[in-house]
Amino acid sequence: MKIICDFHVRTCLSPNCDVMMSPRYVVDALAEKNVKLACLTDLNTALNCPAFYILCRRRNIIPLSGMEAVTAEGISALVIFADLRLAVDFCSEWYRHLNPLPLMENQKQYFVDENGEIIGELKKNLLARSDVGIEELLRQTHDAGGLLIPSEVNRKSLILDIDGKLPAAKFDAVEFSYTKNPEAYLRHTVPVINGDAPLTLEATGSHGIELDTGLEPLFAANGNVSLEAILSAFEKLRVSPSTTRI
């Protein structure tokens, strides 16, 4: 089976995102662009995932839950879970480890329900780094049954950390930010997805990728998405290093 997926979705809870990007608006935008499987990955939190989950179900979109974590080294990585409660609990523990960083002037970090009604406000700046490093995050995520995908690794010098000090082969995939030649950055063969975090409603869903799960069932026996099926589909996205490096 081939479906359009977006593994890097944000809402208004993430700093710098459009204030109109409530879970409802975001899910409507995904549906308009025919995205059939999507993961909400707000920065360092999963507290808008419950609303996202409800709204995705209403629009026949398969939801995954997680966050875009920022590690102690400043590496961003998508943390993805099939189980909503597990995602919220895991990401709430991660939030506890964020370093102190003053909020910007007029910065509001509201999480909401499926109707856009405010449930609460996060007081820690979500732009902050964690005190947890990338290797420990990788271990914790895999121990909890999730996927870890370093994000936008061709920005700045992140690829040097991911594929130099830390072999990309350790991760479930890596995400590049709109590059036509990821093989020029790589030292190891690894599944590659192209994308970027949308900061405006118009951009939401615009970098969906086609995922081919073949004949493998997309759902596990417990009714959640089978991350094994996702991993199998990622295998078809493997990119090998080229002899010409950037």
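If you're matching positions, the sequence shown starts at 1283 in my numbering and goes up one per residue. We treat Cβ as the ideally placed atom computed from N, Cα and C, and that holds for glycine. Computed from a predicted structure; not experimentally measured.
With a threshold of 6 Å on Cβ separation, who are the neighbours of residue i within its own chain once the five nearest residues in sequence on each side are excluded?
i: residue 1498; result: 1511, 1514
i: residue 1407; result: 1383, 1385
i: residue 1423; result: 1361, 1430
i: residue 1305; result: 1293, 1330, 1333, 1334, 1337
i: residue 1420; result: 1430
i: residue 1341; result: 1309, 1313
Within this structure, are the beta carbons of residue i and residue j separated by less than 7 Å?
i: residue 1351; j: residue 1380; result: no
i: residue 1426; j: residue 1516; result: no
i: residue 1529; j: residue 1327; result: Lying outside 1283 to 1528, the shown extent of the chain, residue 1529 is not represented and no answer is given.
i: residue 1404; j: residue 1389; result: no
i: residue 1507; j: residue 1344; result: yes
i: residue 1336; j: residue 1396; result: yes
i: residue 1288; j: residue 1313; result: no
i: residue 1316; j: residue 1286; result: yes
i: residue 1329; j: residue 1347; result: no
i: residue 1458; j: residue 1436; result: yes
i: residue 1354; j: residue 1363; result: no
i: residue 1338; j: residue 1308; result: no
i: residue 1333; j: residue 1394; result: yes
i: residue 1349; j: residue 1495; result: no
Evaluate residue i with the Cβ neighbour count: other Cβ atoms within 10 Å of its Cβ, from every protein chain shown; 16 or more gives buried, anything less gives exposed.
i: residue 1372; result: buried
i: residue 1475; result: buried
i: residue 1434; result: buried
i: residue 1318; result: buried
i: residue 1490; result: buried
i: residue 1451; result: exposed
i: residue 1303; result: buried
i: residue 1412; result: buried
i: residue 1505; result: exposed
i: residue 1503; result: exposed
Can you name, in chain order, every residue of its own chain whose Cβ lies under 7 Å from the Cβ of residue i, other than the five neighbours on each side?
i: residue 1296; result: 1324, 1325, 1408
i: residue 1501; result: 1507, 1508
i: residue 1401; result: 1393, 1394, 1395
What residues are listed by DSSP as bridge partners for residue i?
i: residue 1476; result: 1458
i: residue 1292; result: For residue 1292, which the question treats as bridged, DSSP gives no partner whatsoever.
i: residue 1358; result: 1352
i: residue 1419; result: According to DSSP, which records beta bridges pairwise, residue 1419 is partnered with nothing at all.
i: residue 1432; result: 1359
i: residue 1380; result: 1412
i: residue 1284; result: 1494
i: residue 1403; result: 1392
i: residue 1344; result: 1319
i: residue 1520; result: 1473
i: residue 1325; result: 1350
i: residue 1507; result: 1501
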